[in-house]
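Trainee: Protein chains in written order, with our numbering: chain A, 42 to 99; chain B, 590 to 1292.
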Amino acid sequence: MKLLIKFWHVLREATGEGDYARYCAHLRAHHPDRPLPSEKQFYLERLKHKYARVSRCC
Amino acid sequence: MSIPGDGDPKVAATASRWPRLLRAAVWVAISVAGAGAVAAIALRRQEPINAMWLIVAAVCVHLIGYRFYSRFIALKVLELDPRRATPAERLDDGRDFVPTNKWIVFGHHFAAIAGPGPLVGPTLAAQLGYLPGTLWILVGAVLGGCVQDFVVLFASIRRNGKSLGQMAREEVGPLAGFTALFAITSILIILLAVIALVVTNALRGSPWGTFTLAMTIPIAMLMGIYLRFLRPGKVLEVSVLGFILVMAAVIGGQYAAQSPLLARWFTYDARALAVMIIAYGFAASVLPVWLLLAPRDYLSTFVKLGVIFLLALGILVVRPTLQMPAISRFIDGSGPVFAGTVFPFCFITIACGAVSGFHSLISSGTTPKLITRETQARMVGYGSMLLESFVAIMAMVAACVLQPGMYFAINSPAAIVGADPVGATAVISSWGYPVTAADMEQLARLVGEQSMFARTGGAPSLAVGMAHIFSRTLGGGHFTAVWYHFAIMFEALFILTILDAGSRVGRFILQELLGHVWKPLGRTAWYPSVLLTGVLIVAGWGYFLYQGVMDPLGGINSLWPLFGIANQLLASVALCVSTTIIIKMGKQRYAWVTMAPMLWLVITTQTASYQKIFSPNPRIGFVAEAERLTGLLAAGQVPADRIAATQRLIFNNRLDAVVTALFAGMVLVILLDSARHWYLLLSRRRAPVLCEAEFVPSAIAGD
């Protein structure tokens, strides 16, 4: 059971659920003067960026 | 004692925990097992063998390749430095450059490189029997494809994540850079056309399949809206929801197929489907990314990974017997699925799974920006291609569990065997692969389709093989139809994602190119530019798709070799760049590591290109086919209603010949230009200048 929960957490991490929190932490640590983006904005920007280049193969 | 270059401090500890003798014994055992399996395959040619022999041989070859060859490349050739900070560490911006856990990087990279290629290629190559394709998948991957992915990934890591095109320009020269860009754009067009053709051929005349795939569009949009407005970032939970809905669509398709009203709404011939897919491709590539593309991408990635895992499990549980012979009679080049002898066409037919140039774009994409330590490039670069090679082996197994007669009945175009079931089965049986019309009728009923004849393109026969394996693992024969349509849906799902993503990328590349000509076109957000470039890109692949659909030989026959040649053109570019970098690093005595696979690819692609253009056999040579059709027209042997179509066919064959010549020419150009650079470097007429980022010691402790 614990293994399944761990697996679920790993999957969540792999699909990027912690990315927003991590980015905000990075901003606060290195660029405290910059405003934090909203969660919706952050994920939207990431998507646009991801599909601007070759991301999926044959 | 730490082993140089093997950056894992834990290895030093484990080295003393496992005595060297024991480790050596393990590897000797693996080698013996692998050799034994290969011998069993080679020697028992007359009777059907069990698929497990192929699986054991593949796993052993892969393990040995990874343990010895990739290690050799990591330690001696590239000298991966665990003490050197990677761009993820140096340029950490919390978004694109992020030091990430190596398993997650592996997962992302593998999900990015694994597409329909390793599934379709081996299925088509099964025409030659299971042996030629399997040997190429194993040898090509271990010595070629994995090496390419690994070296390009390493090169990109050392250059702050630069793309292949940039590296080609900087390390080799502007000509190489331009060739790379041209190769990328053209392979994109052919790739999109060919996978769209695979989907079209799988769904034509199939109300169940068309219904299921049509439903995935609103399902993806629902997921997209949910993800954007309700629960941003919660990819996992929305994918679970999406998956449940898609499974409902797979099961519901049964009722759509059985209801006379709905069946009429969802049954289309290849031409209508092609038009719809082209329209879809255009619409999807101009719609916002969060609405359709991203949710579909998440869904298809999960389904893809899940199915690969399930298929491996299924083969292990069922241990099916391979019905296809080791070598079929079609190595002589007269095969119905694709024309051409084993050499060079087996090597062209299987690109992804052995050597695929497209992977070098992924290896120099987002992956290098996530690598925490250089030494992880071995597992991510070499390892994930090895896994894809294993997927290709499983696809070969799934294709070969079919009765050969059935395999050929599904994959032979009507132009070769005839459209009538009785006549077609008679022709196939006369080849030595017995099958009856009743067998095919029963198969069609079993999988819930009207007819399984001439369902070319590899996807349907693969789905039959997979359904056969899955239904024997879970659920029994009652669910074969559901498993079949699940397998079709799973392939069609990520094919549509690639059509979407690929058209979008093509649009960006085109916008950038046109922006040099007229500035406003380069503005990616300007709607007229978006529309114009969107139309151009989709028209590009749409034209080849339509051509393929109208081709009486089924389209895969002519388009798939074109795709293989284009893909391996890109691989030649990637390997040329890699060789140049290795020479510049002072490792010229190891340059054969990338040069040997590159030379092999040049030999096969040039031979294949030559034959596709100049072969006097109209089934192989484009020019010969154009001339044959011209002769028919001139002799008045074409019925009046087919004259326009025949003229289009003549034009298309000539066009294909020109495109092939272009690819072949580009390979020679890049080879000659690179050879010139190598000569200058090796004779010290030019100083080797590497464009690597500066060395900064890594501050990240441990693994």
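Quick reminder that beta carbons are idealized off the backbone N, C-alpha and C, glycines included. A quick note: this is a predicted structure, and the numbers were derived from the prediction, not measured.
For a test of the three-state rule: what should DSSP assign to B/Ala-601, helix, strand or coil?
Mentor: At B/Ala-601, the pLDDT of 48 sits below 50, so the modelled position is not reliable; the number obtained from the coordinates is stated separately. It is helical.
Trainee: What number of angstroms, rounded off, separates the C-alpha of A/Tyr-64 from the C-alpha of B/Gly-683?
Mentor: Spanning the two alpha carbons is a distance of roughly 5 angstroms.
Trainee: Would you say B/Ile-1017 and B/Val-1011 are within 7 angstroms of each other, going by their C-beta atoms?
Mentor: No; because the gap between Cβ atoms is not below 7 angstroms, this pair is not in contact.
Trainee: Can you check which of these residues, B/Ala-744, B/Val-709, B/Arg-1093, B/Arg-1208, is closest to B/Lys-1173 by C-alpha distance?
Mentor: It is B/Ala-744.
Trainee: Can you tell me where the alpha helix (DSSP H) with B/Met-1055 in it begins and where it stops?
Mentor: Here the alpha helix (DSSP H) through B/Met-1055 covers 1048-1062.
Trainee: Going by DSSP in three states, A/Arg-69 sits in which element: helix, strand or coil?
Mentor: Note: A/Arg-69 maps to helix in three-state DSSP.
Trainee: Of the choices B/Gly-1220, B/Gly-922, B/Cys-1280, B/Pro-909, whose alpha-carbon is the least far from that of B/Phe-1059?
Mentor: Among B/Gly-1220, B/Gly-922, B/Cys-1280, B/Pro-909, the Cα nearest to that of B/Phe-1059 belongs to B/Pro-909.
Trainee: What does DSSP give as the partner residues of B/Ile-541 in its beta bridges?
Mentor: Examination of residue 541 of chain B is not possible in this model, given that chain B is present from 590 through 1292 alone.
Trainee: List, in order along the chain, the chain B residues whose C-beta lies closer than 7 angstroms to that of A/Arg-69?
Mentor: Result: empty, since nearest Cβ-Cβ is about 10 angstroms, beyond 7 angstroms.
Trainee: Out of B/Gly-696, B/Leu-664, B/Asn-749, point me to the one whose CA is closest to B/Glu-1283's CA.
Mentor: Ranking the options by Cα distance to B/Glu-1283, first place goes to B/Asn-749.
Trainee: In chain order, which alpha helix (DSSP H) runs of at least 4 residues are fully inside the stretch 778-838 of chain B?
Mentor: Complete alpha helix (DSSP H) runs here, min 4: 796-814.
Trainee: List in chain order: all unbroken alpha helix (DSSP H) runs of 4+ residues lying wholly within the stretch 662-735 of chain B.
Mentor: Complete alpha helix (DSSP H) runs here, min 4: 676-679, 691-702, 706-714, 719-729.
Trainee: Check whether the Cβ of B/Ala-883 lies closer than 7 angstroms to any Cβ atom in chain A.
Mentor: Chain A, which has a Cβ nearer than 7 angstroms to the Cβ of B/Ala-883, makes this yes.
Trainee: Between the Cα of B/Ala-640 and the Cα atoms of B/Gln-912, B/Gln-755, B/Leu-727, B/Gly-994, which residue gives the shortest distance?
Mentor: When each option's Cα is compared against that of B/Ala-640, the closest is B/Gln-912.
Trainee: Could you name the residues that DSSP lists as bridge partners for B/Asn-639?
Mentor: Answer is B/Thr-910.
Trainee: Looking at C-alpha atoms only, which residue of B/Lys-958, B/Ile-630, B/Leu-900, B/His-1057 is the closest neighbour of B/Pro-914?
Mentor: Ranking the options by Cα distance to B/Pro-914, first place goes to B/Ile-630.
Trainee: Do the stretch 81-99 of chain A and the stretch 48-64 of chain A touch if we need at least three Cβ pairs shorter than 8 angstroms?
Mentor: As far as the Cβ criterion goes, the stretch 81-99 of chain A touches the stretch 48-64 of chain A, which means the pair count is three or higher.
Trainee: By a C-beta neighbour count over all protein chains shown, 10 Å radius and 16 as the cutoff for buried, is B/Phe-1240 buried or exposed?
Mentor: The residue is exposed, with fewer than 16 neighbouring Cβ atoms inside 10 Å.
Trainee: On the DSSP bridge assignment, give the partners of B/Pro-1286 in chain order.
Mentor: B/Pro-1286 is bridged to B/Arg-673.
Trainee: Taking buried to mean at least 16 other C-beta atoms within 10 Å of its own C-beta, is B/Tyr-869 buried or exposed?
Mentor: Looking at its Cβ environment, which holds 16 or more other Cβ atoms inside 10 Å, B/Tyr-869 is buried.
Trainee: Round the Cβ separation of B/Glu-759 and B/Cys-1280 to the nearest angstrom and send it over; I've been treating them as touching at under 8 angstroms.
Mentor: Yes, they are in contact, since the Cβ atoms of B/Glu-759 and B/Cys-1280 sit about 5 angstroms apart, within 8 angstroms.
Trainee: Could you list which residues in chain B have their beta carbon closer than 7 angstroms to that of A/Leu-88, in chain order?
Mentor: Ordered by position in chain B, the residues that pass the 7 angstroms Cβ test against A/Leu-88 are Val-878, Trp-879, Ala-883.
Trainee: Flag A/Arg-63 as yes if its beta-carbon sits less than 7 angstroms from any beta-carbon of chain B, otherwise no.
Mentor: Answer yes: the Cβ-Cβ gap between A/Arg-63 and chain B drops below 7 angstroms somewhere.
Trainee: Skipping 5 residues on each side, what residues in its chain have a beta carbon closer than 7 angstroms to that of B/Thr-930?
Mentor: These residues qualify, in order along the chain: Ile-920, Asp-921, Gly-922.
Trainee: Considering Cα atoms alone, identify which of B/Ala-647, B/Gly-1225, B/Gly-654, B/Leu-1158 is closest to B/Leu-777.
Mentor: Ranking B/Ala-647, B/Gly-1225, B/Gly-654, B/Leu-1158 by Cα distance to B/Leu-777 puts B/Leu-1158 first.
Trainee: Closest Cβ-Cβ distance between B/Arg-609 and chain A: below 7 angstroms?
Mentor: Taking Cβ atoms only, chain A never reaches closer than 7 angstroms to B/Arg-609, which makes this a no.
Trainee: Of the residues that make up the stretch 1065-1094 of chain B, which ones have a beta carbon closer than 8 angstroms to any beta carbon in chain A?
Mentor: For the stretch 1065-1094 of chain B, which is checked against every Cβ of chain A, the residues closer than 8 angstroms are Phe-1083, Thr-1086, Ile-1087, Ala-1090, Gly-1091, Arg-1093, Val-1094.
Trainee: Does B/Glu-977 pass the burial test, meaning 16 or more other C-beta atoms within 10 Å, or should it be called exposed?
Mentor: By the 10 Å Cβ count, B/Glu-977 comes out buried.
Trainee: When the cut-off is 7 angstroms and only beta carbons count, does B/Phe-979 lie next to chain A?
Mentor: Not an interface residue.
Trainee: Can you pull the chain B neighbours of A/Lys-81, defined as C-beta to C-beta under 8 angstroms?
Mentor: Those within 8 angstroms of A/Lys-81 in chain B are Arg-817, Phe-818, Pro-821.
Trainee: Compare the C-alpha of B/Pro-700 against each of B/His-1057, B/Thr-890, B/Leu-1251, B/Leu-1257 and name the closest.
Mentor: Going by the sequence as given, residue 700 of chain B is Ala instead of Pro. When only C-alpha atoms are compared, the closest one is B/Thr-890.
Trainee: Just to confirm my understanding: we take B/Tyr-658, look at its own chain, exclude 5 residues before and 5 after, and list those with CB closer than 7 angstroms. What are they?
Mentor: Closer than 7 angstroms at Cβ, skipping near neighbours: Val-731.
Trainee: Please list, in chain order, the chain B residues whose beta carbon lies closer than 9 angstroms to that of A/Leu-85.
Mentor: Going along chain B in sequence order, the residues near A/Leu-85 (Cβ under 9 angstroms) are Arg-817, Pro-821, Pro-877, Val-878, Trp-879.
Trainee: Taking Cβ-Cβ distances below 8 angstroms as the criterion, which residues of the stretch 929-949 of chain B are in contact with chain A?
Mentor: Result list: Ala-940, Cys-941, Ser-945, Phe-947, His-948.
Trainee: What would DSSP say about B/Gly-942, mapped onto helix, strand or coil?
Mentor: Correct three-state label for B/Gly-942: coil.
Trainee: Is the separation between the beta-carbon of B/Val-827 and that of B/Val-1119 shorter than 7 angstroms?
Mentor: No, they are not a contact pair.
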